[in-house]
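Enquirer:
2 protein chains.
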Amino acid sequence: MKTLVVVAHPQIENSATEAFLKTAASFDENVTWHQLATPFDIKREQSLLSAADRIIFQFPMYWYSAPAILKEWLDKVWDNYLVNNHLVTGRELGIVVTVGHAASSFQPGASQQYTIAELLRPYEALAHNLGLQYLPAFPIYQFDQQSDEQRQLLFICYQQYLAIPKLCHFKDEVKWFADRLEKKIANENDPVQRAKIEQLLLLLNDQQDELDDLYMSVKWLREKEDY
Amino acid sequence: MKTLVVVAHPQIENSATEAFLKTAASFDENVTWHQLATPFDIKREQSLLSAADRIIFQFPMYWYSAPAILKEWLDKVWDNYLVNNHLVTGRELGIVVTVGHAASSFQPGASQQYTIAELLRPYEALAHNLGLQYLPAFPIYQFDQQSDEQRQLLFICYQQYLAIPKLCHFKDEVKWFADRLEKKIANENDPVQRAKIEQLLLLLNDQQDELDDLYMSVKWLREKEDY
Numbered sequence: 001m002k003t004l005v006v007v008a009h010p011q012i013e014n015s016a017t018e019a020f021l022k023t024a025a026s027f028d029e030n031v032t033w034h035q036l037a038t039p040f041d042i043k044r045e046q047s048l049l050s051a052a053d054r055i056i057f058q059f060p061m062y063w064y065s066a067p068a069i070l071k072e073w074l075d076k077v078w079d080n081y082l083v084n085n086h087l088v089t090g091r092e093l094g095i096v097v098t099v100g101h102a103a104s105s106f107q108p109g110a111s112q113q114y115t116i117a118e119l120l121r122p123y124e125a126l127a128h129n130l131g132l133q134y135l136p137a138f139p140i141y142q143f144d145q146q147s148d149e150q151r152q153l154l155f156i157c158y159q160q161y162l163a164i165p166k167l168c169h170f171k172d173e174v175k176w177f178a179d180r181l182e183k184k185i186a187n188e189n190d191p192v193q194r195a196k197i198e199q200l201l202l203l204l205n206d207q208q209d210e211l212d213d214l215y216m217s218v219k220w221l222r223e224k225e226d227y
Numbered sequence: 001m002k003t004l005v006v007v008a009h010p011q012i013e014n015s016a017t018e019a020f021l022k023t024a025a026s027f028d029e030n031v032t033w034h035q036l037a038t039p040f041d042i043k044r045e046q047s048l049l050s051a052a053d054r055i056i057f058q059f060p061m062y063w064y065s066a067p068a069i070l071k072e073w074l075d076k077v078w079d080n081y082l083v084n085n086h087l088v089t090g091r092e093l094g095i096v097v098t099v100g101h102a103a104s105s106f107q108p109g110a111s112q113q114y115t116i117a118e119l120l121r122p123y124e125a126l127a128h129n130l131g132l133q134y135l136p137a138f139p140i141y142q143f144d145q146q147s148d149e150q151r152q153l154l155f156i157c158y159q160q161y162l163a164i165p166k167l168c169h170f171k172d173e174v175k176w177f178a179d180r181l182e183k184k185i186a187n188e189n190d191p192v193q194r195a196k197i198e199q200l201l202l203l204l205n206d207q208q209d210e211l212d213d214l215y216m217s218v219k220w221l222r223e224k225e226d227y
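Top to bottom, those sequences are chains A and B. Sequential numbering from 1 applies to the first sequence in UniProt numbering. Sequential numbering from 1 applies to the second sequence in UniProt numbering.
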């Protein structure tokens with residue numbers, strides 16, 4: 001699966017969040033990191049879009065929307081040619097949005113009043129109009145105030161958001177972890193370290209097998225119940 | 001009441017709709033027509049905003065949002081200085097949005113899936129954040145296909161949207177009409193025409209008096225019911 005991360009940030013060189021996310025994205029050769037800059041080469045932008053399976057709009061929230069450059073890119077690159085030739089039809093559209101307020105403030109009655117999902121409605125409408133599958137958004141709240149542990153989790157979850165074919169499926173998450181451990185084993189020169197990672201991979205696979213068995217049992221019980 | 005119409009249209013010279021609306025707006029000396037063009041003189045933009053009682057964002061809908069230039073203007077002009085000095089607090093914010101689809105297509109299950117109100121949520125959130133009163137939006141559907149009669153109605157309704165202090169109050173609408181008739185009488189040289197308009201004004205005022213009497217009666221009946 002090929003993922004295109006379209007990054008819209010007017011001051012990207014000053015953004016610790018974007019630097020962090022760029023590092024996380026760099027571990028996956030199927031992810032293309034694409035920072036928007038004017039003027040746009042429309043044909044090139046369109047071929048990048050059409051080569052992707054998953055398109056991510058990634059931006060800091062400015063006045064409840066993406067910075068102007070994302071809209072400029074949409075207004076210019078998502079043109080009649082792109083629409084009439086179905087260049088993005090059937091792709092997935094995900095949104096990674098960084099915000100300065102806490103998650104709890106985005107709800108009726110709280111300071112921001114509206115949910116992130118509501119504020120992103122125009123992108124959802126775009127996906128609906130052009131036949132893209134709209135993914136659940138990936139908001140990052142108050143990155144500056146996150147602990148090391150929260151950031152470690154963010155690092156993994158963000159990589160998964162870019163790469164896992166079926167989001168929210170636990171089995172795909174396990175497979176994603178197993179694939180990465182296998183890669184790590186192949187590149188590890190220290191035999192002690194390698195043995196440790198092999199142990200971890202074995203454990204993970206065993207647990208997945210056990211989980212599969214449990215699923216089968218549950219399925220069997222349910223079918224029996226139907227009679 | 002001073003109204004600032006902030007017009008964001010990348011091809012305004014080709015827009016019959018904007019030409020039509022500009023003509024309608026030109027009849028009112030309290031309305032400032034302000035077409036956005038880069039680069040922005042931020043101080044001048046801010047003083048225009050702060051001098052207005054009602055601010056209107058007016059634009060054609062491109063990909064379920066305003067054209068990029070409105071966002072660029074918001075990102076640059078609605079800055080920390082504007083926020084910290086409350087330059088727009090207490091103003092009203094209205095949205096005039098022109099769309100190429102029919103009104104009926106903006107609802108769940110129809111082709112556009114989302115309501116105009118939902119799609120404009122980011123502007124509503126902006127108003128909420130900065131203490132502006134958000135007015136009901138003024139969408140103009142398929143201007144190209146409107147009949148002369150529909151356009152005459154649009155002409156009046158749009159003028160009212162820019163100028164009437166309390167929107168949706170019938171009495172204020174009548175007052176607005178009466179003011180305009182009085183102005184017309186003062187400028188009319190033909191005595192026959194003037195007599196006709198005076199007749200119309202008299203009729204309008206009589207009907208308003210009758211309506212006021214009816215309101216009083218209803219109020220009196222309701223109060224009586226309470227005992």
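The C-beta atom is built at its ideal place from N, Cα and C for all residues, glycine as well. Quick caveat: nothing in here was measured; it's all calculated off a predicted structure.
Counting C-beta neighbours from all protein chains within 10 Å, is the total for B/Thr38 16 or more, i.e. buried, or is it exposed?
Expert: Answer is exposed; the Cβ neighbour count stays below 16.
Enquirer: So, is B/Met61 buried or exposed, given that buried needs 16 or more other C-beta atoms within 10 angstroms?
Expert: That one is buried.
Enquirer: With three or more beta-carbon pairs closer than 8 Å as the criterion, would you say the segment 136-155 of chain B touches the segment 9-24 of chain B?
Expert: Judged by Cβ distances under 8 Å, the segment 136-155 of chain B makes contact with the segment 9-24 of chain B, as three or more pairs qualify.
Enquirer: Is the Cβ of A/Ala16 closer than 9 Å to any Cβ of chain B?
Expert: False, the Cβ-Cβ gap to chain B never drops below 9 Å.
Enquirer: Tell me residue 233 of chain B's beta-bridge partners as DSSP assigns them.
Expert: The structure shown does not extend to residue 233 of chain B, since chain B is modelled only from 1 through 227, so no value can be given for it.
Enquirer: Distance check for A/Leu214 and A/Trp220, CA to CA, integer angstroms please.
Expert: So the alpha carbons of these two residues sit roughly 10 Å apart.
Enquirer: Determine the chain A residues that contact B/Arg121 at a beta-carbon separation under 8 Å, and present them in chain order.
Expert: Those within 8 Å of B/Arg121 in chain A are Tyr64, Tyr114, Glu118, Leu119 and Arg121.
Enquirer: Would you tell me roughly how many angstroms separate the C-alpha atoms of A/Ala24 and A/Gln159, rounded to the nearest one?
Expert: Approximately 6 Å, taken between the alpha carbons.
Enquirer: Counting only the same chain and skipping the five closest in sequence on each side, list residues whose C-beta sits under 8 Å from that of A/Lys71.
Expert: Taken in chain order, the residues that qualify are Ser65.
Enquirer: Give a yes or no on whether 9 Å exceeds the smallest Cβ distance from A/Asp75 to chain B.
Expert: Yes, A/Asp75 lies at the interface with chain B (some Cβ there is under 9 Å from its Cβ).
Enquirer: At the 9 Å Cβ level, is B/His128 part of the contact set with chain A, yes or no?
Expert: Closer than 9 Å to some Cβ of chain A, the Cβ of B/His128 qualifies, so yes.
Enquirer: Mind listing the chain A neighbours of B/Ala68? Cutoff is C-beta to C-beta under 7 Å, in chain order.
Expert: Per Cβ cutoff of 7 Å: Ala68, Lys71, Glu72 and Asp75.
Enquirer: Can you confirm whether A/Ala37, when its beta carbon is compared against all beta carbons of chain B, has any partner nearer than 9 Å?
Expert: Not closer than 9 Å to any Cβ of chain B, the Cβ of A/Ala37 fails to qualify, so no.
Enquirer: What residue range is occupied by the uninterrupted beta strand (DSSP E) comprising B/Val6?
Expert: That run of the beta strand (DSSP E) goes Thr3 to Val7.
Enquirer: Quick one: residues in its chain with C-beta nearer than 7 Å to the C-beta of B/Trp176, no 5 flanking neighbours on either side, listed in chain order?
Expert: Once the five neighbours on either side are set aside, the close Cβ partners of B/Trp176 are Gln160, Ala163 and Ile164.
Enquirer: How should B/Tyr81 be labelled, buried or exposed, when 16 other C-beta atoms within 10 angstroms of its C-beta is the threshold for buried?
Expert: Result: exposed.
Enquirer: Given A/Gln133, which residues of its chain have a CB within under 6 Å of its CB, disregarding the five upstream and five downstream residues?
Expert: Only Glu92 meet the Cβ criterion.
Enquirer: In this structure, does DSSP put A/Ser15 in helix, strand or coil?
Expert: Reduced to three states, the DSSP call for A/Ser15 is coil.
Enquirer: Apart from the five residues on each side of it in sequence, which residues of its chain come closer than 7 Å, Cβ to Cβ, to A/Leu87?
Expert: Taken in chain order, the residues that qualify are Gln46, Leu49 and Ser50.
Enquirer: Got a sec? Which residues, its chain only, sit under 8 Å from A/Ala103 by beta carbon, not counting five neighbours each side?
Expert: Counting only Cβ-Cβ distances below 8 Å, and skipping sequence neighbours, we find Pro139 and Tyr141.
Enquirer: Buried or exposed: where does B/Gly94 fall if 16 or more other Cβ atoms within 10 Å of its Cβ makes it buried?
Expert: The residue is buried, with at least 16 neighbouring Cβ atoms inside 10 Å.
Enquirer: Of all Cβ atoms in chain B, is any one closer than 9 Å to the Cβ of A/Trp78?
Expert: Answer yes: the Cβ-Cβ gap between A/Trp78 and chain B drops below 9 Å somewhere.
Enquirer: Roughly how many angstroms lie between the CA atoms of A/Arg44 and A/Asp79, to the nearest whole one?
Expert: Answer to the nearest angstrom: the Cα atoms are 13 Å apart.
Enquirer: Under 9 Å between C-beta atoms, does B/Ala125 make it to chain A?
Expert: Closer than 9 Å to some Cβ of chain A, the Cβ of B/Ala125 qualifies, so yes.
Enquirer: Determine the DSSP secondary structure at A/Gln58, reduced to helix, strand or coil.
Expert: Note: A/Gln58 maps to strand in three-state DSSP.
Enquirer: A/Pro191 to A/Leu135, Cα distance in whole Å?
Expert: Roughly 41 Å separates the two Cα atoms.
Enquirer: Could you tell me the distance, in whole angstroms, from the CA atom of A/Gln112 to the CA atom of B/Leu126?
Expert: If you take the alpha carbons of A/Gln112 and B/Leu126, they lie about 9 Å apart.
Enquirer: Near residue 231 of chain B, what residues of its chain come up, given a Cβ to Cβ distance below 7 Å and the 5 sequence neighbours on each side ignored?
Expert: Outside the modelled stretch of chain B, which goes from 1 to 227, sits residue 231 of chain B, for which no answer is possible.
Enquirer: From which residue to which residue does the alpha helix (DSSP H) around B/Val83 run?
Expert: Taken as a continuous stretch (DSSP letters only), the alpha helix (DSSP H) holding B/Val83 covers Asn80 to Asn84.
Enquirer: Kindly say whether B/Pro139, judged by its beta-carbon, lies nearer than 9 Å to any beta-carbon of chain A.
Expert: Not one chain A Cβ lies under 9 Å of B/Pro139.
Enquirer: Assuming B/Ile42 and B/Val77 are in contact, meaning their beta carbons sit under 8 Å apart, how far apart are those beta carbons, in whole angstroms?
Expert: B/Ile42 to B/Val77, Cβ: 6 Å. Contact.
Enquirer: Beta-carbon within less than 7 Å of A/Pro10's beta-carbon, same chain only, minus the 5 sequence neighbours each way: which residues are those?
Expert: Counting only Cβ-Cβ distances below 7 Å, and skipping sequence neighbours, we find Pro67 and Ile69.
Enquirer: Could you check what DSSP says for A/Trp33 in three-state terms: helix, strand or coil?
Expert: Reduced to three states, the DSSP call for A/Trp33 is strand.
Enquirer: Based on DSSP bridge pairs, tell me the residues matched to A/Gln133.
Expert: In the DSSP output, where bridge partners are listed per residue, A/Gln133 has A/Glu92.
Enquirer: Considering A/Asn189, what are the terminal residues of the alpha helix (DSSP H) in which it resides?
Expert: Careful: A/Asn189 lies outside any alpha helix (DSSP H) and carries neither H nor E.
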